[in-house]
Structure formats: structure tokens, C-alpha cells
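According to my numbering, the sequence shown holds residues 713 to 786 in order.
Heads up, the beta-carbon is just placed ideally off N, CA and C, and yes, glycines get one too.
These numbers come from a predicted model, not from an experiment.
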Amino acid sequence: MADTTTRTLEMVFKTEGGKEVTVAVKDPKEGLALAEVQTVMENIIAKNIFTTTSGDLVSVVEAQIRQLAITELA
């Protein structure tokens, strides 16, 4: 039984309706810099790539990498 760790990049945006929306990317590259992620997030907003039930994405809230470690019980 092996331990597994997964990494997910979570990009959080504010919508026109004032709600927060998270876009998650599984297994982001190692050493990802905040400036790189901010540029991608700004491009997502500028190109209106996603829309939600509470409107288009209008601003960047935050970005983080979440790591989840799973240990199977014997």
C-alpha cells in the first residue's frame, strides 16, 4: 500500500455577480511562479474564456497550490 500525493493549482476569480469561482488545474508544473499564474489569470479574464451563472469573471482573487496526501490503511 503506497502513499500518494496530488497537487492542484487553484485559481480563484470574482464574477460580475460578486461570487467567487475556482478554476482548478491538476498536476501543475513544479516551480510555478506567482507572476506566471497571475498572467494566465489575467488572460482568462481578458479573453472571457469562462462564464458562470453569476456572470463573467471580472477580477483575480487569489491563487494557491493545494497538496493532498493520501495514506492507505493496512
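- Query: Counting Cβ pairs closer than 8 Å, one from the stretch 738-745 and one from the stretch 756-767, do we hit at least three?
  - Reply: Verdict: no, contact absent.
- Task: Using the Cα positions of E722 and A786, report the straight-line distance between them to the nearest angstrom.
- Result: The straight-line gap separating the alpha-carbon atoms of E722 and A786 is approximately 31 Å.
- Message: Let me make sure I understand the geometry here. Which of Q779, E784 and T783 has the alpha-carbon closest to that of K741?
- Response: The candidate whose alpha carbon is nearest that of K741 is Q779.
- Task: For I757, name the three-state secondary structure that DSSP assigns.
- Result: Here I757 sits in helix by DSSP.
- Message: Tell me the residue span of the beta strand (DSSP E) that contains D768.
- Response: G767 to T783
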